[in-house]
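Novice: Provided herewith is a single structure, encoded as structure tokens, for subsequent inquiry.
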Amino acid sequence: MTAHRLPFRDPALPVARRVDDLLDRLTAEERLHLLHQFTPGAAGVGLGAFRTGQEALHGVAWMGPATVFPQSVGLGATWHPELVRRVGEAVSREARAMRAEDDRVGLNVWAPTVNLLRNPLWGRGEEGYAEDPALTAAIATAYTRGLRGDHPVYWRTAPVLKHWLAHNNETARDTSSASVRPRVLREYDLRAFRGPVEAGAVAGVMPAYNLVNGRPNHLSPYMEEELRTWTGQELLVCSDAGAPSNLADSQGYFATHEKAVAASLRAGVDSFTDHGTDSSVILGRLRRALEAGLIDQKDVDRAAGRQLTVRFLLGEFDPELDPYADEARFDTPEHRELAREVAEAAVVLLRNEPLETGGPLLPLADDGRRIAVVGLLGDACRLDWYSGSLIRRSSPLDGLRERFGADRVSFAEGVDRIRLRTASGAALRVPAGDGAGHGAARGTEGALDPALLAGRTDLPPLTADAAGSELALVDWGDGVLTLRAPDGRYLSVAEDGFVRASADEPGGWVVHETFRLETHEGHAHGHLLLHLGTGGYVSVAADGVKVAADRESAELFTVEMVERGEEAVARAAAGADTVIVVAGNDPHINGRETEDRTTLALPAHQERLWRAAHTANPRTALVLVSSYPYAVTEAAAALPSLLWTAHGGQAAGTALARVLAGDVSPAGRLPQTWYAADADLPDLFDYDIIGGRQTYLYFDGTPLFPFGHGLSYTTFAYRELTAAVDGETLRISCTVTNSGAVAADEVVQVYGRAVAPSVPRPHRELLAHERVHLAPGATAALSFAVPRSALGHWDVAHGRWTVEPGPYEIHAGASSADVRRTVRVDVTGETPGPRPVLVAGLAAADYDEQSGTVIVDRTKATGDAVTSADPDVPGALLYRACDFGDGVTEITVTASGTGEVTVFRADGTTALAAVTVGPTDGPYAYAAVTVACHVRDVTDLRVELRGPVRLAHLAFSG
0 MTAHRLPFRD PALPVARRVD DLLDRLTAEE RLHLLHQFTP GAAGVGLGAF
50 RTGQEALHGV AWMGPATVFP QSVGLGATWH PELVRRVGEA VSREARAMRA
100 EDDRVGLNVW APTVNLLRNP LWGRGEEGYA EDPALTAAIA TAYTRGLRGD
150 HPVYWRTAPV LKHWLAHNNE TARDTSSASV RPRVLREYDL RAFRGPVEAG
200 AVAGVMPAYN LVNGRPNHLS PYMEEELRTW TGQELLVCSD AGAPSNLADS
250 QGYFATHEKA VAASLRAGVD SFTDHGTDSS VILGRLRRAL EAGLIDQKDV
300 DRAAGRQLTV RFLLGEFDPE LDPYADEARF DTPEHRELAR EVAEAAVVLL
350 RNEPLETGGP LLPLADDGRR IAVVGLLGDA CRLDWYSGSL IRRSSPLDGL
400 RERFGADRVS FAEGVDRIRL RTASGAALRV PAGDGAGHGA ARGTEGALDP
450 ALLAGRTDLP PLTADAAGSE LALVDWGDGV LTLRAPDGRY LSVAEDGFVR
500 ASADEPGGWV VHETFRLETH EGHAHGHLLL HLGTGGYVSV AADGVKVAAD
550 RESAELFTVE MVERGEEAVA RAAAGADTVI VVAGNDPHIN GRETEDRTTL
600 ALPAHQERLW RAAHTANPRT ALVLVSSYPY AVTEAAAALP SLLWTAHGGQ
650 AAGTALARVL AGDVSPAGRL PQTWYAADAD LPDLFDYDII GGRQTYLYFD
700 GTPLFPFGHG LSYTTFAYRE LTAAVDGETL RISCTVTNSG AVAADEVVQV
750 YGRAVAPSVP RPHRELLAHE RVHLAPGATA ALSFAVPRSA LGHWDVAHGR
800 WTVEPGPYEI HAGASSADVR RTVRVDVTGE TPGPRPVLVA GLAAADYDEQ
850 SGTVIVDRTK ATGDAVTSAD PDVPGALLYR ACDFGDGVTE ITVTASGTGE
900 VTVFRADGTT ALAAVTVGPT DGPYAYAAVT VACHVRDVTD LRVELRGPVR
950 LAHLAFSG
């Protein structure tokens with residue numbers, strides 16, 4: 000049989016049959032090689048080299064110039080799935096076009112991130128879409144459909160969802176455990192993944208670094224118990240970079256790496272991203288695991304087959320039939336226009352109050368008035384870690400000058416202009432250079448080269464002399480500073496330890512362009528200059544300025560203030576008719592991958608700037624360009640107009656200017672709650688949105704701006720809201736009319752609320768939404784078909800999804816807090832009874848309420864137990880409406896460790912049973928202890944845990 004007629008080369012056969020045939024033709028060693036991120040291929044069957052993983056969150060990343068779309072959180076702010084689908088399509092086209100020129104560009108794309116934006120202090124919030132699972136699933140489904148393409152057989156790219164599961168902290172991200180109760184797991188975290196997987200546009204998932212309920216996500220039993228039950232297609236699970244090694248290293252979950260890779264392979268991980276391009280380490284561990292019987296060939300073949308499935312879907316073996324094989328669309332006019340359109344759609348108008356002299360400040364009148372653009376991001380177009388390189392750039396200043404004319408638009412950045420003088424009186428001087436910075440060097444995930452990220456060494460280092468150089472200082476908050484040379488280059492520290500003005504922007508896996516001034520003891524005006532990237536202190540030596548090895552060798556600097564930023568801002572504001580203050584964050588500083596935020600507050604430097612502008616000119620608007628929300632409570636009260644947009648990519652400035660000018664009415668909506676103060680937030684590690692009253696679903700306070708909020712330049716009227724249950728579908732309809740004078744988009748949001756729930760339920764929960772464009776006076780009749788199950792919740796008492804019978808309110812409006820119409824619908828069904836504890840007992844994690852406890856792993860492979868968060872502080876669990884029938888006489892407590900388990904009636908005073916546990920032989924050695932317990936009928940139970948005891952189960956008999 001000739002090669003082209005081999006079964007795996009026959010496109011008429013099902014993919015599964017072709018994969019099986021190809022696997023049969025590979026040696027055991029060749030199959031094993033398919034399990035690493037970088038696979039070498041197999042010449043005997045014409046199998047080429049392959050790698051999993053190409054970052055593509057909002058454009059093709061790390062591979063040079065590409066169209067840069069708004070950050071993912073900005074895509075979420077559009078509330079526009081069809082527009083986001085078009086972005087995914089453009090990104091996948093560019094990936095194909097770039098691969099034709101550079102085979103390092105991968106088609107297995109690691110995007111999108113669907114982790115929910117539970118806490119706005121999470122450093123990677125910029126990568127997600129929303130705090131709501133329904134909105135996140137809708138946007139993620141749209142993006143993956145765009146990435147996948149619409150061919151029935153072949154995929155343009157193969158998207159992998161990140162990061163499975165419940166991943167919302169960068170602090171201790173590889174060692175911390177998220178305690179996720181069953182209700183939160185199924186009502187919140189899983190739903191964001193389930194939607195796009197069920198839609199059939201997802202090739203796989205990537206587990207997160209952290210642990211969930213005491214078990215590393217790379218061993219998550221939910222990959223088999225949940226994820227792979229949602230679809231009939233194979234899913235490829237790609238590990239996160241270095242995570243397989245973490246199992247035995249930082250996490251210490253296994254004593255050997257062989258046990259670690261074996262367990263993760265059995266749990267469902269198929270491709271190991273570890274040790275960069277060097278596959279020998281992981282392959283060696285897998286071989287030894289095979290030899291020890293920890294895994295067998297079937298485990299290897301299953302994983303290898305899943306990778307080959309993706310490669311078949313990408314058309315690798317049928318280039319003559321692959322409809323995307325000759326894709327060449329890159330940086331096209333269509334893509335440029337789309338980048339602008341999406342950036343416009345993402346702008347959120349937060350506030351636009353009338354001025355004392357008349358109407359609102361926005362939109363800006365095109366009447367020849369002077370505009371001052373001020374602020375640290377006024378002439379910036381920032382990129383984040385997962386961006387491609389800009390082909391073209393548009394800052395707010397660029398956009399406004401383009402729109403209104405350069406002669407009408409002035410600019411003041413608002414940096415503090417300083418000199419840093421040594422104790423001898425000399426000041427740091429920046430020598431002349433070639434003006435080219437190193438930028439933010441990139442690599443592939445799992446293969447980051449620190450040497451690439453540490454800056455250039457071919458430029459002369461800083462020196463010191465009497466005159467010195469005037470440096471531009473920005474305090475980004477928490478005392479984190481950047482220093483910029485007169486020619487615009489940032490001070491950076493290269494691998495040789497010298498300080499140079501060598502960076503175009505702060506960037507890199509380790510940012511080498513940030514510093515902190517530390518007060519020196521005994522010197523009221525003296526400071527040490529700490530370089531945050533290395534942890535060393537700046538000193539001045541004969542051969543140049545460098546980072547000292549220790550604090551004792553550090554130079555003592557005095558900050559000579561040449562001009563404060565607010566002085567320049569006030570001058571510019573006073574000389575203009577209208578002021579646009581542009582504030583926000585640099586995506587590489589104070590909140591990013593590896594680094595959580597510490598506060599919602601706008602940095603003090605930027606607070607000074609907007610206050611100075613407003614004092615000088617009351618016609619001041621604040622534009623926040625940021626990866627995350629701020630608690631700008633005072634600005635929201637003082638300023639007439641306030642806008643927010645995520646970093647908007649290459650067309651950000653043009654888009655913003657068109658919104659400010661009224662060429663397009665703003666219609667972005669907040670994808671997460673903007674809280675008024677840090678005190679409104681739970682602990683970063685509290686994943687219990689129900690018990691912790693988190694997100695718009697449960698938050699009991701008053702937010703600064705609510706989920707779904709966003710204003711327009713026109714008004715909309717809602718009418719004729721109806722809702723009815725039709726079998727398993729809730730059918731909702733309403734009409735929306737543009738009652739103003741400006742054509743605009745409205746985002747119609749539909750929420751549901753259980754009126755009399757038996758368990759805590761959301762204040763209201765997003766059921767559906769639609770973004771619709773309406774001309775003045777036009778009306779749209781909208782209809783939504785929502786699964787009846789969307790009204791339900793996870794019933795821990797019976798271990799199932801349930802929709803309680805009773806009344807529900809359906810709300811339609813402009814945000815979660817701006818409800819325009821309400822209708823009630825009655826849902827029929829069987830009322831759930833009390834817990835049938837005599838049948839299955841009580842699983843410890845199936846509590847209704849808890850205090851002072853966390854969920855942990857019952858075994859290393861599966862199951863949950865509950866223990867006190869602090870062994871020295873008792874924890875408590877509450878189980879409501881337990882049905883003991885005619886009565887029981889015994890209780891069997893299954894637990895490990897050592898301590899006491901006491902069972903009370905719900906009043907907490909009547910002890911029904913007390914059990915002393917252990918000590919057992921380790922945390923996974925469970926003992927079943929039976930004692931007398933007399934209880935009957937239906938009652939609530941309260942269980943108290945004392946000491947490091949791990950409770951798994953309670954059973955009742957007699």
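Here numbering that gives the first Met the number 0 is used: the first residue of the sequence shown is 0, the next is one more, and so on. Built from N, CA and C at the ideal position, the CB exists for glycine as well. On a predicted model such as this, the values are computed, not experimentally measured, just so you know.
Using the three-state DSSP reduction, which class does Y695 fall into: helix, strand or coil?
Specialist: helix
Novice: Near V836, what residues of its chain come up, given a Cβ to Cβ distance below 7 Å and the 5 sequence neighbours on each side ignored?
Specialist: C881, D882, F883 and F955
Novice: Between the C-alpha atoms of H274 and V510, what's the straight-line distance to the nearest angstrom?
Specialist: Taking the straight line from one Cα to the other gives about 22 Å.
Novice: Let me know the secondary structure DSSP gives E520 once reduced to three states.
Specialist: The answer is coil: DSSP assigns E520 none of H, G, I, E or B.
Novice: How about the stretch 368 to 378 and the stretch 30 to 50: do they share at least three Cβ pairs that are nearer than 8 Å?
Specialist: Touching, no, given that fewer than three Cβ pairs across the two stretches are closer than 8 Å.
Novice: Evaluate W61 with the Cβ neighbour count: other Cβ atoms within 10 Å of its Cβ, from every protein chain shown; 16 or more gives buried, anything less gives exposed.
Specialist: Classification for W61: buried.
Novice: Tell me the residue span of the beta strand (DSSP E) that contains V498.
Specialist: V498 to A502
Novice: Among A89, H530, A288 and P111, whose alpha-carbon lies nearest the alpha-carbon of P332?
Specialist: A89
Novice: So is R935 buried or exposed if we call it buried at 16+ other beta carbons inside 10 Å?
Specialist: Label assigned to R935: exposed.
Novice: Hey, Y208 and A242 are a contact pair by Cβ (cut 8 Å); roughly how many whole angstroms apart?
Specialist: With a contact defined as Cβ atoms closer than 8 Å, Y208 and A242 qualify at about 6 Å.
Novice: What's the call for H772, buried or exposed, on a 16-neighbour Cβ count within 10 Å?
Specialist: With fewer than 16 other CB atoms across the displayed protein chains lying within 10 angstroms of its CB, H772 is exposed.
Novice: From which residue to which residue does the alpha helix (DSSP H) around R904 run?
Specialist: Counting along the chain, R904 falls outside any alpha helix (DSSP H), though it belongs to the beta strand (DSSP E) covering G898 to R904.
Novice: So does the stretch 248 to 264 actually touch the stretch 5 to 19, counting three or more Cβ pairs closer than 8 Å?
Specialist: Three or more beta-carbon pairs separated by less than 8 Å are not found between the stretch 248 to 264 and the stretch 5 to 19, which leaves the two stretches without contact.
Novice: Our contact map puts A484 next to L470 with C-beta atoms below 8 Å; I'd like the distance itself, whole angstroms only.
Specialist: That pair is a contact at about 7 Å.
Novice: Which value, in whole angstroms, describes the spacing of the CA atoms of R284 and T26?
Specialist: C-alpha separation (whole angstroms): 18 Å.
Novice: In three-state DSSP terms, what is Y187?
Specialist: Reduced to three states, the DSSP call for Y187 is helix.
Novice: Going by other Cβ atoms of all chains shown within 10 Å of its Cβ, with 16 needed for buried, is T276 buried or exposed?
Specialist: exposed
Novice: Which term fits E290, buried or exposed, when burial requires 16 or more other beta carbons within 10 angstroms of its beta carbon?
Specialist: Per the 10 Å Cβ criterion, exposed.
Novice: How is R763 classed by DSSP in three states: helix, strand or coil?
Specialist: coil
Novice: For G358, which option in V414, F715 and P639 has the closest C-alpha, if you only look at C-alpha atoms?
Specialist: The option with the nearest alpha carbon to G358 is P639.
Novice: Shortest alpha-carbon distance to L766 belongs to which of L641, S814 and D794?
Specialist: S814
Novice: Just to confirm before moving on: does the CB-CB distance between A811 and V892 stay below 8 Å?
Specialist: Not closer than 8 Å, so no.
Novice: If we count the other Cβ atoms within 10 Å of its Cβ and call it buried at 16 or more, is W800 buried or exposed?
Specialist: exposed
Novice: Should the stretch 403 to 418 be called in touch with the stretch 532 to 539, which here means at least 3 C-beta pairs below 8 Å?
Specialist: no
Novice: Per DSSP, what kind of secondary structure is E592 in: helix, strand or coil?
Specialist: Coil at E592, not helix or strand.
Novice: Do you know offhand how far L940's Cα is from L877's?
Specialist: 6 Å
Novice: Looking at V108: is its Cβ nearer than 8 Å to the Cβ of L164?
Specialist: Taking a C-beta distance under 8 Å as the contact criterion, V108 and L164 do not qualify as a contact pair.
Novice: If you follow the alpha helix (DSSP H) that W609 is in, where does it begin and where does it stop?
Specialist: Note, W609: alpha helix (DSSP H), A603 to A615.
Novice: Who are the Cβ neighbours of S394 in its own chain at under 6 Å, not counting the five residues just before and after it?
Specialist: Closer than 6 Å at Cβ, skipping near neighbours: D378, A379, C380 and G652.
Novice: Let's test the definition: count the other Cβ atoms within 10 Å of the Cβ of V561 and tell me whether it reaches 16, buried, or not, exposed.
Specialist: exposed
Novice: From the DSSP output, in three-state form, read off G434 for me.
Specialist: Confidence at G434 is low in this model, with a pLDDT of 47, below 50, so its placement is unreliable and the value that follows should be read with caution. Reduced to three states, the DSSP call for G434 is coil.
Novice: For the ligand ADP, is there a heavy atom less than 7 Å away from the beta-carbon of S491?
Specialist: In the structure shown, the ligand ADP is absent, as is every other ligand, since no ligand is present at all.
Novice: If you draw a straight line from the alpha carbon of D863 to that of S219, how long is it in whole angstroms?
Specialist: 12 Å
Novice: Who are the near neighbours of P806 in its chain, counting only those whose CB is closer than 7 Å to its CB and skipping five residues on each side?
Specialist: V754, A755, R823 and D825
Novice: Quick check on DSSP: helix, strand or coil for G148?
Specialist: coil
Novice: Would you tell me roughly how many angstroms separate the C-alpha atoms of R130 and L696, rounded to the nearest one?
Specialist: The question names Arg, but residue 130 in the sequence shown is Glu. Going by the C-alpha atoms only, they are around 9 Å apart.
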